[in-house]
Amino acid sequence: MKRVSNGWRFLTIAAVMALMGIAILVQIFRVQGSPEVAGVIDQGNMVWKDFYPPRGEIYDRNGNLLAGNKTVYEIDLDLTANPDLPTVKLALQMSGIDLNEVNYRISQEPATAKFITLADFVPADKTDILINLQKKAHGDPSGKNLDAIYFKAHFARSYPENDLASNVLGFVAQDNHGYMGVEEKYDNILAGIPVRLLVPADPRRVTEYPNIPPGQTIILTIDREIQASIEQILDQALTSTGAASGTIVVMDPLTGDVLAMSSTPRMNLNDYQSISTIFPGETPFNRAISQAYEPGSVLKILTMSGALDSNTVQPDTVFFDPGYIVVGGNRIEDWNGLPWGYQDMTGCLANSLNVCLAHVSTLMGNDLFYSYMQRFGLGHATGIDLAQETSGHLKLPGDSDWYPVDLGTNAFGQGVSATPIQMVMAASALANDGKMVYPHVLYAQIQDGKQIDTKTQVVGTPISASTAHTITNMLANALETESSGALIPGYRIAGKTGTAQIPLPTGGYDAVNINASFIGWGPVDDPRFIVYVWLEKPQSNKAASVVAAPIFKQVVEKLIVLMNIPPDAIRLQMAGR
Amino acid sequence: MNNVTQIVQKVHQAPWRVQRQWVVLFLLGLVIIAMVAGVYLNITVRATLAGREVQMLLNPSLINPYPDSQPNSIATNQRINSELEMQLADLTSVESMRKRAEAMGYQDASPDDMIFVAVPGYVEPSSVDLSNPGSSHTAAPIILPEYTESWFDYFLNQQTASPSSGGQP
């Protein structure tokens, strides 16, 4: 009897538990099936999210940061919280935020707006002040608090070196796009593009979040220390010579790595809004790549290289210079208008004789001369990885603007235009066993955490290695013969000055102003650098040997120290061990 | 035959045995369902919590009056890192370093100041390398496999992983 009574107890417990289970199930289905809950689930199923991937950083070749990212804030106002607008504006003003911009933004919003952006790209220091004010005003019994203000942090470009290498770097505007220089050229790989996406709100579906790749970091061939030095030298040169502008380029002739590049003016990249003031009108952002000019006598090195390579002349070929030559019916004179008598080819270069070089080019003839000029890349952009490069102009026989006299004048750099980087690329063949290298500023890029280095590219071999050695030695001898201001004790350097007249838009040449240039490389037997100096319209003196050659010397003296280049004697002694 | 008859007779004589068997069976089923539901609930909760944590980390745009009170998302950490990098870059910029060097009495070296000494075995510093150390491992999944694999895979992995993991105190 006792066991029978236990039986109904068990049954009762089982029934109660079963009922509870059924009740739970019914409740689950009822809750999930109710229209309110279904609405909430559907509403929260997908949400809009803003993604701000950071822009890739830019480093110099030694790992120094040239362009990074700093935090700035977007300041928003929730109008549904009934904020006291005068109090908000007062707080913004106290934080140093421009109220004119705030008022403009408010005026642009529709009357039905519930959430408005008061300011954007507000620096952290100003935001901190506003946050502190908000905290102090929190819970103000009068209702004049700042609780309706919200802050959204995001990145903005920042340049810790301010104007250093500004001509190379370019800048990033508030639209997160790069302009000029590296920032524009590599915008597609540097930019982490902000996106607004619909993503699932369900935490269990977090794996469906898209992968927003950050911008890739890049390393430049620029050496920060060399860059700073040449900028300092350039600034001093402009002051001392009174030149209208200046440009200096330093490149490794074996690899094409641009070690430094600067032109005037430069700008603080953190204040890019001032660009229209600093670069008025059509002022080039980077003259080294964007301003072609008639380089003058520095181009003689290419003429002589072509003549030597084609066996038109030899270094010891003697030419009698009467002080003038007639080419295409036009009389061409030397720079001083005087006869120079018998000169060998080294003498022609040392004394920068226009008549001699015009004679050489006429000996070569149109086909050969222009073939060599084209092989050296004149008339074509180098393709350097910087935005806004121009190609210069090389007139060719048959062109409507070409005249027979051009064969003579082009030989000494008149009637032909080139950018400094074109001249540097062409001269790299002379310094690098005849191999002309592609100039570039990208040293490497970081992709998925791995560094991918840029490889050296030879873009052509316009002359043979023996010709390159010959012309280099001729130029080194020429510098030594003329006791050039570019000479550096202990180091053998090859180089050439260029004093060029400036063509006028109306035709003819400026009777007063000149362009002063110098191109050189060294050490002659193992070139580590090629340097190009260009001063536009120097006022202190009208000879490149006086104004440009000393600047070249200053640059090389810095390079010797910064690149640890021992004097020739020590280097050869060490190499012989 | 007798045994069967005896059993049938006993069952007929004690019907509570049948009832108890049903109750036990029912409770057994309930326990199994509860266990499965419990495990499912446990896994789901853990997956949801982990997902929520990931969501917080991925939160790209914190809008909050008091940013200090927010847990650091990946974006926040990126911003902090960038800020620190910028501070470091400012401190080591050419201008800052030059000022500090000049204040300490240093001056620019000229070629005449250079003394070159041959050091046997000296190798010039190699070029800059900013790649991540062990960058080949950066593709590791963020979410543990326990949250994405099937039951079968889970038990299989447990079985295959447990014996080899022993051996060290």
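The listed protein sequences correspond, in order, to chains G and W.
Position 354 of the first sequence, counting from 1, maps to 1501 under our numbering, and the rest follow consecutively.
Position 44 of the second sequence, counting from 1, maps to 74 under our numbering, and the rest follow consecutively.
Heads up, the beta-carbon is just placed ideally off N, CA and C, and yes, glycines get one too.
Computed from a predicted structure; not experimentally measured.
Using a cut-off of 7 Å between C-beta atoms, extract the partners of residue i located in chain W.
i	result
residue 1305/G	116
residue 1704/G	140, 141
residue 1209/G	158
residue 1419/G	Residues of chain W passing the Cβ test: none, with the nearest at roughly 17 Å.
residue 1308/G	123, 124
In whole angstroms, give me the CA-to-CA distance for residue i and residue j.
i	j	result
residue 1385/G	residue 1434/G	15 Å
residue 1389/G	residue 1212/G	33 Å
residue 1405/G	residue 1719/G	26 Å
residue 1412/G	residue 1425/G	7 Å
residue 1705/G	residue 141/W	8 Å
residue 1476/G	residue 1462/G	28 Å
residue 98/W	residue 1228/G	Caution is warranted here: a pLDDT of 48 is assigned to residue 98/W, below 50, making its placement in the model unreliable, and the coordinate value is therefore given only provisionally. The alpha-carbon atoms of residue 98/W and residue 1228/G are separated by roughly 22 Å.
residue 172/W	residue 1401/G	In this predicted model, residue 172/W has a pLDDT of only 44, less than 50, meaning its place in the structure is not dependable; the value taken from the coordinates is given anyway. Rounded to the nearest angstrom, the two C-alpha atoms are 45 Å apart.
residue 91/W	residue 105/W	Model confidence at residue 91/W stands at a pLDDT of 49, short of 50, so the residue's coordinates are unreliable; what they give is reported in the following sentence. Cα-Cα distance, rounded: 8 Å.
residue 1593/G	residue 118/W	21 Å
residue 1309/G	residue 1416/G	6 Å
residue 1303/G	residue 1321/G	8 Å
residue 1329/G	residue 1313/G	10 Å
residue 1668/G	residue 1248/G	53 Å
residue 1381/G	residue 1663/G	13 Å
residue 37/W	residue 1165/G	31 Å
residue 1713/G	residue 1403/G	22 Å
residue 1167/G	residue 1161/G	10 Å
residue 1123/G	residue 1468/G	Here chain G comprises residues numbered 1148 to 1724, so residue 1123/G is not present and cannot be evaluated.
residue 1480/G	residue 1491/G	18 Å
residue 180/W	residue 64/W	20 Å
residue 1289/G	residue 1234/G	11 Å
residue 1518/G	residue 1484/G	30 Å
How would you list, in chain order, the residues of chain W whose beta-carbon sits under 9 Å from the beta-carbon of residue i?
i	result
residue 1164/G	56, 57, 60
residue 1713/G	144, 146
residue 1708/G	138, 139, 140, 141, 143, 144
residue 1721/G	146, 148
Based on the DSSP output, what are the partners of residue i in its beta bridges?
i	result
residue 1665/G	1644/G, 1680/G
residue 1540/G	1564/G
residue 1490/G	1466/G
residue 1221/G	1299/G
residue 1477/G	1474/G
residue 1195/G	1345/G
residue 1304/G	1216/G
residue 1712/G	Residue 1712/G is not bridged to any residue.
residue 1270/G	1219/G
residue 1700/G	According to DSSP, residue 1700/G bridges with nothing at all.
residue 1134/G	In the structure as shown, chain G begins at 1148 and stops at 1724. Residue 1134/G is therefore absent and cannot be evaluated.
Do residue i and residue j have their CB atoms nearer than 7 Å?
i	j	result
residue 109/W	residue 1300/G	yes
residue 1508/G	residue 1455/G	no
residue 1203/G	residue 1364/G	yes
residue 1346/G	residue 1217/G	no
residue 1568/G	residue 1610/G	no
residue 1565/G	residue 1607/G	no
residue 1284/G	residue 1277/G	no
residue 1646/G	residue 1696/G	no
residue 1678/G	residue 1397/G	yes
residue 1493/G	residue 1625/G	yes
residue 1273/G	residue 1243/G	yes
residue 1752/G	residue 1178/G	Beyond the ends of chain G as shown, which are 1148 and 1724, falls residue 1752/G; an answer cannot be given.
residue 1572/G	residue 1586/G	yes
residue 1352/G	residue 78/W	no
residue 1366/G	residue 1591/G	yes
Can you list the residues of chain G that residue i reaches, using a CB-CB cut of under 8 Å?
i	result
residue 181/W	Within 8 Å Cβ-Cβ: nothing; residue 181/W doesn't reach chain G, min ~16 Å.
residue 161/W	1593, 1596, 1597, 1598
residue 49/W	1154, 1157, 1158
Give the residues of chain G in contact with residue i, contact being defined as C-beta atoms less than 9 Å apart.
i	result
residue 81/W	1349, 1350, 1351, 1352, 1353, 1354
residue 39/W	Neighbours of residue 39/W on chain G: none; closest Cβ ~17 Å, over 9 Å.
residue 112/W	1201, 1204, 1215, 1216, 1217, 1218, 1302, 1305
Could you list which residues in chain G have their beta carbon closer than 7 Å to that of residue i, in chain order?
i	result
residue 108/W	1201
residue 88/W	1356
residue 85/W	1350, 1353
Short-range partners of chain W found in the region 1347-1367 of chain G, where Cβ spacing is below 9 Å:
Residues passing the 9 Å Cβ filter: 1348, 1349, 1350, 1351, 1352, 1353, 1354, 1356, 1359, 1361, 1364, 1366.
Residues of the region 1593-1625 of chain G whose Cβ lies closer than 7 Å to any Cβ of chain W, in chain order
When C-beta distances to chain W are compared with 7 Å, the residues of the region 1593-1625 of chain G below that value are 1593, 1595, 1596, 1597, 1598, in chain order.
Output, in sequence order along the chain, the residues in the region 1213-1229 of chain G whose CB is closer than 8 Å to any CB in chain W.
If the cut-off is 8 Å between Cβ atoms, the region 1213-1229 of chain G has 1215, 1216, 1217, 1218, 1223 near chain W.
Give me the subset of the region 1366-1381 of chain G whose CB atoms are less than 9 Å from a CB atom of chain W, sorted by chain position.
For the region 1366-1381 of chain G, the beta-carbon criterion of a distance under 9 Å to any beta-carbon of chain W is satisfied by 1366, 1371, 1372, 1374, 1375, 1376.
Check each residue of the region 1153-1180 of chain G: if its Cβ is closer than 9 Å to any Cβ of chain B, include it; give the result in chain order.
Absence of chain B from the displayed structure is noted, the protein chains being G and W.
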